[in-house]
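One structure is given here, and the rest of the page talks about it.
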Amino acid sequence: MLQLYKNIKKLREEKGLSQDELAKLCGYTSRSSIAKIEKGEVDLQNSKILLFANALGTTPGKLMGLTDYDSKEPTTLAAHFEGEEYTEDELAEIRQFAEFVRNKRK
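See below:
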């Protein structure tokens, strides 16, 4: 899990976000929470990992270091949702969560 915390800090800095800005994006009230997370002092729940991945524009698998950043993303996602239509953003989130679930098996 140490890779997760390093990647959060690395991606935050690459995106030019302050700890305060990332805190707001992820529903925290102060930068101190982000500082503790980046130091590995706080364990993140799965739902928070997905939240951080979305805020940092990546996938949970990549954020946790389970997937290489240079690997190819799948181009199609076959799923049945009882006839409901989804936006591209919603489909991207579904893909990210599917990758997260797949990577939990490893």
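Anchor point for the sequence shown: position 54 equals 1544 in the numbering used here, and the numbering is continuous, going up by one each time.
For each residue, glycine too, the CB sits at the ideal point set by N, CA and C.
Exposed or buried, what is residue i when buried is set at 16 or more other beta-carbons lying within 10 Å of its beta-carbon?
i: G1648; result: What the structure shows of the chain is the stretch from 1491 to 1596, and residue 1648 is not part of that stretch, so it cannot be assessed.
i: L1492; result: exposed
i: T1557; result: buried
Please state whether the Cβ-Cβ distance between residue i and residue j is less than 8 Å.
i: F1590; j: T1548; result: no
i: Q1509; j: R1521; result: yes
i: L1512; j: A1545; result: yes
i: F1542; j: I1584; result: no
Measuring CA to CA, which of the options is closest to residue i?
i: V1532; options: R1502, T1557, E1504, K1496; result: K1496
i: N1593; options: I1584, E1583, G1555; result: G1555
i: L1494; options: I1539, F1587, K1505; result: I1539
i: K1529; options: L1507, F1587, K1500; result: K1500
If we count Cβ pairs, one from each stretch, closer than 8 Å, do we get three or more for the segment 1522–1535 versus the segment 1576–1591? no
Which runs of the alpha helix (DSSP H) at least 4 residues long sit entirely within the segment 1500–1527? Give them in chain order. 1509–1515
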